[in-house]
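Written below as structure tokens is the structure these notes are about.
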Amino acid sequence: MKMTPKSVIVGSVLILAAVVFVAVWLPYVTRHEKPSEIFRTRTPVEEEGRLIYIANGCVYCHSQSIRTIDWGVGAERIAQAGDYIADRPILLGSERTGVDLSQEGGEHPDDWHIAHFTNPRYVRPNSIMPAFAFLGMDQLKILTAYVQGLGMKDADARMERQRYWKKKVTEAYEAGPEENVHWLNEHVPQGWRDVPNPYPTTEAGLARGEKIYQDNCFGCHSPIGDGMGPAQPWIYPPPFNFTILKGREISGGILYYQIMNGITGSAMPYFKKELESEKIWDVGNFVAVYFINQSDANTEPRGIDASYEPGGFKPPQQP
Amino acid sequence: MENQNVHIPASGYRTAKGFCLTSAFWMMVATFMGLLGATELIAPDITENIGWLVFGRVRPIHINLVLFGFVTPGLMAAAFYYIPRLLRTELYSETLGVGTVVLWNAALVGVVVSLAAGHTQGREYAELIWPLDVGVVVVFAMVFVNFVMTVATRKEPVLYVSVWYALAGVVLTTLTYCLGNIIWRPDTGALAGIPDAIILWFYGHNIFGLLLTPLSAGVAYYVIPRAVKAPLYSHTLSLVGFWALLVVYTHIGTHHLLQVPVPTWLKVISIVDSVAMVIPVMAFLINIWYTAKGRLGEIHADIGAKFVFTGTIMYFFVSIQGSMMALPQVQRVTHFNNWVVGHAHIGVLGFAGMIALGGLYYILPYLTGRPLYSRFLADFQYWMVLIGVSGFTVVLTIVGLIQGNAWLNGETVYRLLPPVHIYYVLRAALGLMIFSSALLGFYNITRSMFFEPGESS
Ligand code: HEM
Chain A
928 MKMTPKSVIV
938 GSVLILAAVV
948 FVAVWLPYVT
958 RHEKPSEIFR
968 TRTPVEEEGR
978 LIYIANGCVY
988 CHSQSIRTID
998 WGVGAERIAQ
1008 AGDYIADRPI
1018 LLGSERTGVD
1028 LSQEGGEHPD
1038 DWHIAHFTNP
1048 RYVRPNSIMP
1058 AFAFLGMDQL
1068 KILTAYVQGL
1078 GMKDADARME
1088 RQRYWKKKVT
1098 EAYEAGPEEN
1108 VHWLNEHVPQ
1118 GWRDVPNPYP
1128 TTEAGLARGE
1138 KIYQDNCFGC
1148 HSPIGDGMGP
1158 AQPWIYPPPF
1168 NFTILKGREI
1178 SGGILYYQIM
1188 NGITGSAMPY
1198 FKKELESEKI
1208 WDVGNFVAVY
1218 FINQSDANTE
1228 PRGIDASYEP
1238 GGFKPPQQP
Chain B
107 MENQNVHIPA
117 SGYRTAKGFC
127 LTSAFWMMVA
137 TFMGLLGATE
147 LIAPDITENI
157 GWLVFGRVRP
167 IHINLVLFGF
177 VTPGLMAAAF
187 YYIPRLLRTE
197 LYSETLGVGT
207 VVLWNAALVG
217 VVVSLAAGHT
227 QGREYAELIW
237 PLDVGVVVVF
247 AMVFVNFVMT
257 VATRKEPVLY
267 VSVWYALAGV
277 VLTTLTYCLG
287 NIIWRPDTGA
297 LAGIPDAIIL
307 WFYGHNIFGL
317 LLTPLSAGVA
327 YYVIPRAVKA
337 PLYSHTLSLV
347 GFWALLVVYT
357 HIGTHHLLQV
367 PVPTWLKVIS
377 IVDSVAMVIP
387 VMAFLINIWY
397 TAKGRLGEIH
407 ADIGAKFVFT
417 GTIMYFFVSI
427 QGSMMALPQV
437 QRVTHFNNWV
447 VGHAHIGVLG
457 FAGMIALGGL
467 YYILPYLTGR
477 PLYSRFLADF
487 QYWMVLIGVS
497 GFTVVLTIVG
507 LIQGNAWLNG
517 ETVYRLLPPV
527 HIYYVLRAAL
537 GLMIFSSALL
547 GFYNITRSMF
557 FEPGESS
């Protein structure tokens, strides 16, 4: 084959044209334009927030693309083509230095996001996400509005839930500590309230609890458990002060349930994706022993001891 | 040195020299931005409250400068030298060429300023705002005119394979750049929804396939036979490699979207032909390697050829790895994590970057008529880049496997941050090495160009 300038240039352009026809134009004309069942258009302030998201390169650390194999935030719903039809540009992302944000709307209340954007380490001590305080509070609020819309109709439903419970937790908080504790306990299912921490307090368990506390909790609840962590100025109702809980019938089960499930409406997140069972018991007991100064670990009613438990074997009393 | 008395045309190779300096200078800036980004992943508050240095702005600056500031100009420098030489003529217009270099650099300054200020279209590899898009298209068009007119005034009837690659690379990049940046929509530079993702990755993938790869192949086809003083192994393989590259590479961009709701038939094509990439890749590599067979001593003796040859080996690795990554079962683990970042660095730095540096060091003595200022420094840079990019591969692959497998097991991103921290530290350390090598390179290249040779070691 003789390679003339013409054959090189014309040949390669023709090949490109054929490829564009098949791999770009055909998918374009056969594209899927039907909105998915969760689709809605964005509000003007959400659109503005999206521009902030683009300008600051959130897309380099956050995907918006939930796959069938995902477990993390948003994994309840696999992404569909019809979710994206209004996204110009589409912000799928190619790397997950941070989490997927497709369904971020309503995961947390607004105050959590403001604290997190101001400096992510305030609420997530090990985070490597940049601080965005430099944007200023107005911009952060607009950005938060965008993030709270991610997930569209599903996000709206979650936001409705957040707002409903935000009102309730705020009322309870403002009614004073006595009322607040009462209200919080009341919203833990009875079964959990009756359960003491079934495992004995051990030095190793407390050490694990402390590490978990430092990795997850101290930004809000503070190193001494009084709720005055660095995130406190942005969060309302403020992070819980554990030191007032002594003598208020806080069972291991209550602590476990609150940590596992979070307190929707307040900034208290659920940790069930982050912490497995042993870790939740350990951090709960750490809080009980060090901050509340009262732990029901290993008290009655108890089931059969777990096989690893230290302290020797005592057959249970016959009824 | 044999090239002491080379003939230098009256034009003085000003365009090629300009691109050499462009590449050497922006390599420093580009690798510095990479180092800064890597540091921010270790110590996120190091630039707290400096908005224009926030990670999300540093990263696109790094990537755009590597692609359009360091690698492409380095490859262009060689092309502006070898095209007139291979065609036994002079460059059509050095004035146009120098104008291209000036405009190119102006555009790069625009890239840094606009991205730092948060002016971006938010699409990977297509971030640049519309006026800069136009600038890029104009400079590519200027390069194309210069190449084509040089070809038109040639005295050598036969077009050597390097010239095919340079011509095709420039014309096809101009076209795909316009398409991929949706240049007819100045405000957003984007389509809506899934079609936007498809066209973006068609283009993003072709930045490697129609810009970096053909220009690198052109340099390798020029430097290796010359350095080993042997004829090219096979004309047929050149043909096969060239046409197969254009046919296959151009339509597999959808392998970036295998886990996204795009049409299945498009995914199937992209997977099958990602594996078929072995044809153009091996046609090129066999041709180059057989040309050099038994003559590795000659390659070792020439620092330019040494860079280029190493680049071809990296091409082998990145392509085999890429074909594997296009398999859905593999991508379950590798997608969305640092494995892909490792792949990107083998490709862009190990393959195209190495060849750009090689081309530059190979032509430099011919451009100036005297030997390099320091062969030792160039060798030192070679080892720093080689160790840097190999280290990246090891570190990022390990951390990618940790992330990918842990995620499949239901581990959260947040919980993995402490265990991956140490790998980010290693990555930044390697980045420091690569940045330092860019400083050495800049010193060596400017000394070679502007000063009489020192005591070269
Ligand atoms: C046979 C050749 C190749 C194949 C089949 C291939 C395949 C792939 C695949 C499947 C991905 C997507 C990974 C993912 O997102 O999960 C990818 C990403 C990438 N490849 Fe390659 N690759 C090849 C060669 C190259 C070369 C030669 C270069 C550089 C010159 C390169 C540069 C990149 C870059 C920079 C990315 C990252 C894109 C991003 O930002 O997500 N590849 N490649």
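Residue numbers (our numbering), protein chains in the order written: chain A, 928 to 1246; chain B, 107 to 563.
All residues carry an ideal CB built from backbone N, CA and C; glycine is no exception.
The nearest non-hydrogen atom of ligand 1 is 7 Å or more from the C-beta of residue 467 of chain B.
Per DSSP, reduced to three states, the secondary structure at residue 367 of chain B is coil, with no helix or strand assignment. Burial state of residue 1117 of chain A is exposed, judged by a 10 Å Cβ sphere holding fewer than 16 other Cβ atoms. Relative to residue 149 of chain B, the option among B:414, B:161 and B:435 whose CA is nearest is B:161. Distance from the CA atom of residue 1125 of chain A to the CA atom of residue 377 of chain B, rounded to whole angstroms, is 53 Å. In the DSSP assignment, residue 468 of chain B falls within the alpha helix (DSSP H) that extends over 460 to 474.
In the three-state DSSP reduction, residue 524 of chain B falls in the helix class (H, G or I).
At the C-beta level, residue 448 of chain B and residue 416 of chain B stay beyond 8 Å of one another.
Closest by C-alpha distance to residue 365 of chain B, out of B:147, B:313 and B:433, is B:433.
Residues of the stretch 433 to 445 of chain B with a Cβ closer than 7 Å to any Cβ of chain A, in chain order: 438, 442 and 443. In this structure, ligand 1 has a non-hydrogen atom nearer than 7 Å to the beta-carbon of residue 424 of chain B. The Cβ of residue 1109 of chain A sits no closer than 8 Å to any Cβ of chain B. Chain B places a beta carbon closer than 8 Å to that of residue 1200 of chain A, counting this residue as a contact.
For the stretch 1057 to 1070 of chain A, the set of positions with a beta-carbon nearer than 8 Å to some beta-carbon of chain B reads 1057, 1058, 1059, 1060, 1061 and 1062 in chain order. Contact holds between the stretch 1027 to 1042 of chain A and the stretch 1072 to 1079 of chain A, because three or more Cβ pairs, one in each stretch, are under 8 Å apart. Distance from the CA of residue 373 of chain B to the CA of residue 961 of chain A, rounded to the nearest whole angstrom, comes to 21 Å.
Cβ atoms of residue 470 of chain B and residue 478 of chain B come within 8 Å of each other, at about 6 Å. For residue 230 of chain B, the Cβ falls inside the 7 Å cut-off from some heavy atom of ligand 1. The C-beta of residue 962 of chain A comes no closer than 8 Å to any C-beta of chain B. A distance below 8 Å between beta-carbons, with the five flanking residues on each side excluded, links residue 1238 of chain A to the following residues of its chain, in chain order: 1127. Counting other Cβ atoms within 10 Å of its Cβ, residue 1234 of chain A stays below 16 and is therefore classed as exposed. Taking the Cβ of residue 450 of chain B as the reference point, at least one heavy atom of ligand 1 falls within a distance shorter than 7 Å.
Pairing residue 1181 of chain A with residue 1189 of chain A, the inter-Cα distance amounts to about 11 Å.
Contact note: residue 525 of chain B does not reach chain A at a C-beta cutoff of 8 Å; the least C-beta distance is about 10 Å.
Nearest neighbour of residue 170 of chain B by Cα position, chosen from B:129, B:276, B:188 and B:442, turns out to be B:129. Sixteen is the threshold: when 16 or more other Cβ atoms of the shown chains lie within 10 Å of the Cβ of residue 380 of chain B, as they do, the residue is buried.
Per DSSP, residue 1224 of chain A is not a residue of any alpha helix (DSSP H), being assigned neither H nor E. In terms of beta-carbon proximity, residue 930 of chain A lines the interface with chain B, with at least one pair separated by less than 8 Å. Residues of chain A with a Cβ closer than 7 Å to the Cβ of residue 252 of chain B do not exist; the shortest Cβ-Cβ separation is about 14 Å. Fully enclosed alpha helix (DSSP H) runs of no fewer than 4 residues occupy 370 to 382 and 384 to 398 of the stretch 365 to 403 of chain B, in order along the chain. The nearest non-hydrogen atom of ligand 1 is 7 Å or more from the C-beta of residue 308 of chain B. Contacts with chain A at 8 Å (Cβ-Cβ) include residue 520 of chain B. Contact of residue 1023 of chain A with chain B is assigned, a C-beta pair being separated by under 8 Å.
Look at residue 429 of chain B: its beta carbon is less than 7 Å from one of the heavy atoms in ligand 1. The beta carbon of residue 1089 of chain A sits closer than 7 Å to the beta carbons of 1033, 1036, 1191 and 1192 from its chain, once the five residues preceding and following it are set aside; these are given in chain order. Neighbours of residue 294 of chain B in chain A, taken as residues at a C-beta separation under 9 Å, are given in chain order as 1015 and 1016.
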